[in-house]
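Let me begin by presenting the structure, written as structure tokens, before commenting on it.
There are 2 protein chains.
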Amino acid sequence: MNGKLVQSIREAIALSGLKSGMSISFHHHLRNGDYTLNRVMNEIAAMGIRELTLNASSIFDTHAPLEEHIRNHVVTKINTNYMSAALGHRISEGLMDAPVDFRTHGGRPRDIALGNTPIDVAFIAAPTADCAGNCSGKYGPSACGSLGYAFPDAMYAKKVIVITDNLVPYPMKGWSIPEIYVDYVVEVDAIGNPAGIVSGTTRITRDPVGLIMAETAVKVIQHSGLLQDGFSFQTGAGGASLAAASFLKDVMLRDGIRGSFASGGITGYLVDMLSAGCFESLMDVQCFDLKAVESIRTNPAHQEISAMQYASPAAASAVVDKLDVVILGATEVDTDFNVNVHTDSSGMIMGGSGGHSDTAAGAKLAMIIAPLFRARLPIVTDHVSCISTPGRDIDVLVTQRGVAVNPKNQELMLRLKDAGLPVIPIDELKTMAECITGKPNKPVRSGRTVANVIYRDGTLMDTIQSV
Amino acid sequence: MNGKLVQSIREAIALSGLKSGMSISFHHHLRNGDYTLNRVMNEIAAMGIRELTLNASSIFDTHAPLEEHIRNHVVTKINTNYMSAALGHRISEGLMDAPVDFRTHGGRPRDIALGNTPIDVAFIAAPTADCAGNCSGKYGPSACGSLGYAFPDAMYAKKVIVITDNLVPYPMKGWSIPEIYVDYVVEVDAIGNPAGIVSGTTRITRDPVGLIMAETAVKVIQHSGLLQDGFSFQTGAGGASLAAASFLKDVMLRDGIRGSFASGGITGYLVDMLSAGCFESLMDVQCFDLKAVESIRTNPAHQEISAMQYASPAAASAVVDKLDVVILGATEVDTDFNVNVHTDSSGMIMGGSGGHSDTAAGAKLAMIIAPLFRARLPIVTDHVSCISTPGRDIDVLVTQRGVAVNPKNQELMLRLKDAGLPVIPIDELKTMAECITGKPNKPVRSGRTVANVIYRDGTLMDTIQSV
Numbered sequence: 001m002n003g004k005l006v007q008s009i010r011e012a013i014a015l016s017g018l019k020s021g022m023s024i025s026f027h028h029h030l031r032n033g034d035y036t037l038n039r040v041m042n043e044i045a046a047m048g049i050r051e052l053t054l055n056a057s058s059i060f061d062t063h064a065p066l067e068e069h070i071r072n073h074v075v076t077k078i079n080t081n082y083m084s085a086a087l088g089h090r091i092s093e094g095l096m097d098a099p100v101d102f103r104t105h106g107g108r109p110r111d112i113a114l115g116n117t118p119i120d121v122a123f124i125a126a127p128t129a130d131c132a133g134n135c136s137g138k139y140g141p142s143a144c145g146s147l148g149y150a151f152p153d154a155m156y157a158k159k160v161i162v163i164t165d166n167l168v169p170y171p172m173k174g175w176s177i178p179e180i181y182v183d184y185v186v187e188v189d190a191i192g193n194p195a196g197i198v199s200g201t202t203r204i205t206r207d208p209v210g211l212i213m214a215e216t217a218v219k220v221i222q223h224s225g226l227l228q229d230g231f232s233f234q235t236g237a238g239g240a241s242l243a244a245a246s247f248l249k250d251v252m253l254r255d256g257i258r259g260s261f262a263s264g265g266i267t268g269y270l271v272d273m274l275s276a277g278c279f280e281s282l283m284d285v286q287c288f289d290l291k292a293v294e295s296i297r298t299n300p301a302h303q304e305i306s307a308m309q310y311a312s313p314a315a316a317s318a319v320v321d322k323l324d325v326v327i328l329g330a331t332e333v334d335t336d337f338n339v340n341v342h343t344d345s346s347g348m349i350m351g352g353s354g355g356h357s358d359t360a361a362g363a364k365l366a367m368i369i370a371p372l373f374r375a376r377l378p379i380v381t382d383h384v385s386c387i388s389t390p391g392r393d394i395d396v397l398v399t400q401r402g403v404a405v406n407p408k409n410q411e412l413m414l415r416l417k418d419a420g421l422p423v424i425p426i427d428e429l430k431t432m433a434e435c436i437t438g439k440p441n442k443p444v445r446s447g448r449t450v451a452n453v454i455y456r457d458g459t460l461m462d463t464i465q466s467v
Numbered sequence: 468m469n470g471k472l473v474q475s476i477r478e479a480i481a482l483s484g485l486k487s488g489m490s491i492s493f494h495h496h497l498r499n500g501d502y503t504l505n506r507v508m509n510e511i512a513a514m515g516i517r518e519l520t521l522n523a524s525s526i527f528d529t530h531a532p533l534e535e536h537i538r539n540h541v542v543t544k545i546n547t548n549y550m551s552a553a554l555g556h557r558i559s560e561g562l563m564d565a566p567v568d569f570r571t572h573g574g575r576p577r578d579i580a581l582g583n584t585p586i587d588v589a590f591i592a593a594p595t596a597d598c599a600g601n602c603s604g605k606y607g608p609s610a611c612g613s614l615g616y617a618f619p620d621a622m623y624a625k626k627v628i629v630i631t632d633n634l635v636p637y638p639m640k641g642w643s644i645p646e647i648y649v650d651y652v653v654e655v656d657a658i659g660n661p662a663g664i665v666s667g668t669t670r671i672t673r674d675p676v677g678l679i680m681a682e683t684a685v686k687v688i689q690h691s692g693l694l695q696d697g698f699s700f701q702t703g704a705g706g707a708s709l710a711a712a713s714f715l716k717d718v719m720l721r722d723g724i725r726g727s728f729a730s731g732g733i734t735g736y737l738v739d740m741l742s743a744g745c746f747e748s749l750m751d752v753q754c755f756d757l758k759a760v761e762s763i764r765t766n767p768a769h770q771e772i773s774a775m776q777y778a779s780p781a782a783a784s785a786v787v788d789k790l791d792v793v794i795l796g797a798t799e800v801d802t803d804f805n806v807n808v809h810t811d812s813s814g815m816i817m818g819g820s821g822g823h824s825d826t827a828a829g830a831k832l833a834m835i836i837a838p839l840f841r842a843r844l845p846i847v848t849d850h851v852s853c854i855s856t857p858g859r860d861i862d863v864l865v866t867q868r869g870v871a872v873n874p875k876n877q878e879l880m881l882r883l884k885d886a887g888l889p890v891i892p893i894d895e896l897k898t899m900a901e902c903i904t905g906k907p908n909k910p911v912r913s914g915r916t917v918a919n920v921i922y923r924d925g926t927l928m929d930t931i932q933s934v
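So the protein sequences, as listed, match chains A and B. My numbering puts the first residue of the first sequence at 1, with every later residue one more than the last. My numbering puts the first residue of the second sequence at 468, with every later residue one more than the last.
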């Protein structure tokens, strides 16, 4: 069978020809339950391979052991779209010599496809695969649903290694990534911990502030002129965003509005909206919970999309460009509507754009939901400490104390004012916040760049300094 | 919606930037019912664009109007995998200055992917599409099932134009080719005549000679040692091949053998074998009849594969490499087991390899079924007038008068002799044929090359001379 099936991760690495100085990649659908990145990195380190570029679509707390590999110069460069606090804080403290290059979920496949970030060996954790490497995330004990972010890695890496804990006879039924891209297949005991794989979803918020914001968000959508048949929608998995989705569902059902699609990371709440007839289809680049996994496996209207189809500016078209409304979060928003989702109040890395910039650029209405302050720190500020998404792509900020509309969108401003929504200039929101919390101490920029924030078109958006 | 939807084929051609001297491509899933190639060529001719390279996966009799475009130098070079007699005979008479380059169904995507035959503008006739170009062959009034051969065109052409007669709202459900590759979408009244689209299948033969060959073919498979659980199989749509599939089904059901897959162009006979449990899956690059179209639309075990996954030597692996047995036809077989499927007895072009060479190279047992003679002309001969598939890739020739095993496969020879099958040296089959028909007059080679036969690895296998 073409000899793709090998006995161990180490054998696959050896056969792939991986050498010091090369580039390797991982996808993040197993999220905080992923075993694969750590296991592969341990093998690589034990083999004496060093100075690698690590291109991972996202890095979670479970990947904290990367710190050791960085200290030992096994990894000397990181390209990623998201990095949670465990490694992020170490990066902010100056762990690496070379800055981390942050991209977006659309910018990453763009730069892979264009050859700007070539991958020598891609490692694909696959919940089900056959001996030729046909593989899918929909089936098996470690099922994660969509494998959307792994498509560019499979298609463009020089060598592709599929690692699975559910090897099935050839040909598997319902593959996502076809054998034509796969060089080696390894069977292991487990690629991840199911409890961690689908832990992305929080519940709908019960916090009164979150509920007020969610209600206001839905009113903004209702009065935006976009909520009509054919409506398309994306939201994140935060508590207030999910509450907004839930309220939106009620409105759509009440008013008999039949949308076209919801996209992005998919939660059970969006699955419910599909089932209820609010949407014709879900366009799924990543499943956040078990209900989404079950749905993408069984409902043909719940469709897997690659990272390219989701958001790549190098694709002939992408789903994000057809979005009517996206609801996004923020750690900071400034009075120019620039949004920070990379760093926390102390300037430490604890996130990343993911699809933030991509959907904000593509959607007709890009909405930020954020409370005016968190833990006595204002969210609205003069200048964000890191521009993750430029203000030009943001239409409106919804807080519990009012709604600030970007002056670039005068039509929306008028519509919301006419509807009696509490529209307030963003400077007033900032003043309001500072009245309550006092003027915050901004983190001091040390001058040493620890990360670059690269916009989806490949241009440098901002840099992040060590703390 | 990114402005992909344009008003006419002509507008799409103009926007694509097609200029004289460029290369265009078409797929052949609409077979002899296809309207699209002729309509596009008429527009191109009317626009004054000339000296094009035409890369068509196959050319049928319905495409006979190409003759006029060749005479007018609108088309000056043809790359194809199959050409039926209407244009084939004109080519053999010396219609074109440049030789036609014949490839295989696997060699074509290989050379497209490697950049050896770049495509400037691909035209994809799509039975269903949305305004972004997501498209499929499974649905709509002109449904043809799989769009397998169109994948390389979509993925590698500089510009891709989807032409559909069933435009549905975005996002369509169950696309095969995603929007990321598609630049323009055109809606037309009809892309083809359904009666011609799925006319590829003949019925099981009632001819006693054909039935004898089919019975013998199944005995060869039974005694080859390959017919066991996990068995994989491909056969063409000729009457004797279909009869062999039908007899094989009976044997597999009687003996409780559960195969893994059948591949290739799929007929209702293979669908019946899937339904009966003879196979776990069908790997479908092309549907030959309505039953296959219905099956690929409704049965997840009936899976669409791209031309790359079917047969490309440039893919990391392909389905043909996992075949146990393939049954193939021939217009001539010579005593070195070389097979001709390109020309008829007078040396005129009337066919092509399609997947012939690809499956012969990949399968563990490549079987030719052919009568000893047809219309008083022997099939077995000293030297085929054109080598379509090299004898090294053929294991056995089944005729109504005996079975010739290629001496390279001694194990098969012993197995078939032990089983009491009428194994005869191929020279004796030739002599037998000539005793009945007389020694044939071989077509005279004029010396002018009208076609090159390019093997799946890109090497020149043979040439075809004008008649």
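Positions of the beta carbon are idealized from the N, C-alpha and C atoms, including for glycine.
Span of the alpha helix (DSSP H) around residue i
i: Y777 (chain B); result: 774-778
i: Y184 (chain A); result: Y184 (chain A) -> not in any alpha helix (DSSP H); beta strand (DSSP E) instead, spanning 184-187.
i: I688 (chain B); result: 675-690
i: A361 (chain A); result: 356-362
i: T503 (chain B); result: 503-513
i: I70 (chain A); result: 66-71
i: F569 (chain B); result: F569 (chain B) -> not in any alpha helix (DSSP H); beta strand (DSSP E) instead, spanning 567-569.
Backbone CA spacing between residue i and residue j [nearest angstrom]
i: F373 (chain A); j: R401 (chain A); result: 11 Å
i: A315 (chain A); j: A830 (chain B); result: 37 Å
i: Q286 (chain A); j: V627 (chain B); result: 28 Å
i: C853 (chain B); j: K158 (chain A); result: 38 Å
i: I119 (chain A); j: N55 (chain A); result: 8 Å
i: M468 (chain B); j: P638 (chain B); result: With a pLDDT of 44 at M468 (chain B), under the threshold of 50, the modelled position of that residue is not reliable, and no figure is offered here.
i: S824 (chain B); j: F804 (chain B); result: 13 Å
i: K716 (chain B); j: H690 (chain B); result: 15 Å
i: M928 (chain B); j: V806 (chain B); result: 12 Å
i: T683 (chain B); j: A886 (chain B); result: 12 Å
i: I545 (chain B); j: N32 (chain A); result: 53 Å
Enclosing beta strand (DSSP E) for residue i [first to last residue]
i: Q520 (chain A); result: Since the first and last residues shown for chain A are 1 and 467, residue 520 (chain A) lies out of range.
i: D717 (chain B); result: Premise fails: D717 (chain B) lies in the alpha helix (DSSP H), 706-722, not in any beta strand (DSSP E).
i: I299 (chain A); result: In the sequence as displayed, the identity of residue 299 (chain A) is Asn instead of Ile. Element bounds for N299 (chain A): n/a, residue is neither H nor E.
i: F279 (chain A); result: 279-287
i: M834 (chain B); result: 832-836
i: I454 (chain A); result: 449-454
Cross-chain neighbours of residue i in chain B, by beta carbon under 8 Å
i: K138 (chain A); result: The contacting residues do not exist; K138 (chain A) stays about 11 Å from chain B at best.
i: M367 (chain A); result: Ordered by position in chain B, no residue passes the 8 Å Cβ test against M367 (chain A), which lies about 21 Å from the chain.
From the options, residue whose alpha carbon lies closest to that of residue i
i: R90 (chain A); options: A:N42, A:A64, A:R103, A:R108; result: A:A64
i: S263 (chain A); options: A:E280, A:S353, A:T205, A:N134; result: A:E280
i: V649 (chain B); options: B:F590, B:Y616, B:N505; result: B:F590
i: V188 (chain A); options: A:E304, A:C131, A:P300; result: A:C131
i: G458 (chain A); options: A:T117, A:Y35, A:Y269; result: A:T117
i: T543 (chain B); options: B:P566, B:L896, B:H572; result: B:P566
Residue i: contacting residues in chain B (beta-carbon distance under 9 Å)
i: Q358 (chain A); result: Going by the sequence as given, residue 358 (chain A) is Asp instead of Gln. Result: empty, since nearest Cβ-Cβ is about 14 Å, beyond 9 Å.
i: Q309 (chain A); result: N601, P645, E646, I647
Partner residues on chain B for residue i, Cβ-Cβ distance less than 7 Å
i: P480 (chain A); result: Chain A is shown only over 1 to 467; residue 480 (chain A) falls outside these bounds and no answer can be derived.
i: V182 (chain A); result: A783
Under the three-state DSSP convention, the category residue i falls into
i: G329 (chain A); result: coil
i: K640 (chain B); result: coil
i: N986 (chain B); result: Residue numbering for chain B in the displayed model covers 468 to 934; residue 986 (chain B) lies beyond these limits and cannot be assessed.
Chain-ordered neighbours of residue i on chain A, where CB pairs are closer than 9 Å
i: M563 (chain B); result: None at all; the shortest Cβ gap to chain A is about 33 Å.
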